[in-house]
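Undergrad: Once you've had a glance at the structure underneath, I'll fire off some questions.
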Amino acid sequence: MLTRIAKARATVRARVWDLLARRPQGFPWLMVAGKLLSGWVVIDLDATLITAHSAKRGAAATFKKGFGFHPLGGWCANTGEPFAMLLRPGNAGSNTVADHLRVLTDAIAQLPAGYRRKILIRVDGAGATHDLLDHLEQLNRLWRSVKFTVGWTITEADETAIAALPETAWTDTLHQDGTVTTLAQAAELTGLNQRLAG
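Here is the structure:
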């Protein structure tokens with residue numbers, strides 16, 4: 042039944058996206074750092090904790106010492122639509138790669154065929170696993186480009202690598218509109234961070 046529902050949703054979405062593209066302003070492409078990401082569909086993967094105040098089916102203790110559920114979802118940043126959702130008990134892990142792969146697969150299946158050529162996947166630190174990143178790389182084809190950005194929890198190894206950077210390694214960052222900000226800086230840690238071994 043869930044497969045039939047997903048197919049029906051994808052069929053309706055293809056029609057709605059066709060109508061969106063026909064508007065005078067066209068399809069809602071995202072603006073990032075002052076640049077229009079024309080042609081790119083952005084999928085955000087993220088989990089959230091939902092508190093339950095009684096022992097409901099699937100409710101369990103969470104990693105943040107609460108009690109409830111820990112669903113993982115995939116959303117389209119262009120349109121704000123939920124593409125896929127995996128309902129999970131509260132004790133589901135945050136770095137569970139099998140869950141990320143399932144939600145990602147379900148989310149991509151919701152994309153109308155003409156919008157699967159350029160996909161940007163955004164995941165927080167829970168997605169910082171080799172298996173997920175390897176899978177994202179393997180999604181690239183001659184006809185499809187898949188890019189991704191993944192969050193990262195800073196550890197002592199990262200702090201040590203950051204401290205080893207020379208002052209000249211740092212560059213200013215950008216606001217969403219592309220203008221320079223001096224509030225934050227960025228630097229490349231490749232080769233200095235022992236956590237990246239292998």
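Using our numbering, you'd call the opening residue of the sequence shown number 42 and step up by one each time. Heads up, the beta-carbon is just placed ideally off N, CA and C, and yes, glycines get one too.
With a CB to CB cut of under 8 Å and the five nearest residues on each side skipped, what residues in its chain are close to residue 233?
TA: So the qualifying residues of the chain are 202, 205 and 206.
Undergrad: Is it buried or exposed for residue 54, if we count other Cβ within 10 angstroms and need 16 for buried?
TA: Buried.
Undergrad: Per DSSP, which residues does residue 163 bridge with? Please list them.
TA: In DSSP, residue 163 forms a bridge with 85 and 190.
Undergrad: Counting C-beta neighbours from all protein chains within 10 Å, is the total for residue 57 16 or more, i.e. buried, or is it exposed?
TA: Residue 57 comes out exposed.
Undergrad: Give me the Cα-Cα distance between residue 80 and residue 121, rounded to the nearest whole angstrom.
TA: Cα-Cα distance, rounded: 16 Å.
Undergrad: Take residue 158 and list the residues in its own chain whose beta-carbon comes closer than 8 Å to its own, dropping the five residues that flank it on each side.
TA: Answer for residue 158: 80, 184, 185 and 186, listed in chain order.
Undergrad: Near residue 34, what residues of its chain come up, given a Cβ to Cβ distance below 7 Å and the 5 sequence neighbours on each side ignored?
TA: With the chain represented from 42 up to 239, any question about residue 34 goes unanswered, as that position is not in the structure.
Undergrad: Identify the continuous alpha helix (DSSP H) that holds residue 140 and give its terminal residues.
TA: Run containing residue 140: 138–150, per the alpha helix (DSSP H) assignment.
Undergrad: Decide yes or no for the touch test of the segment 66–86 against the segment 143–161: beta carbon pairs closer than 8 Å, at least 3 of them.
TA: The answer is yes - the segment 143–161 touches the segment 66–86, with three or more Cβ pairs under 8 Å.
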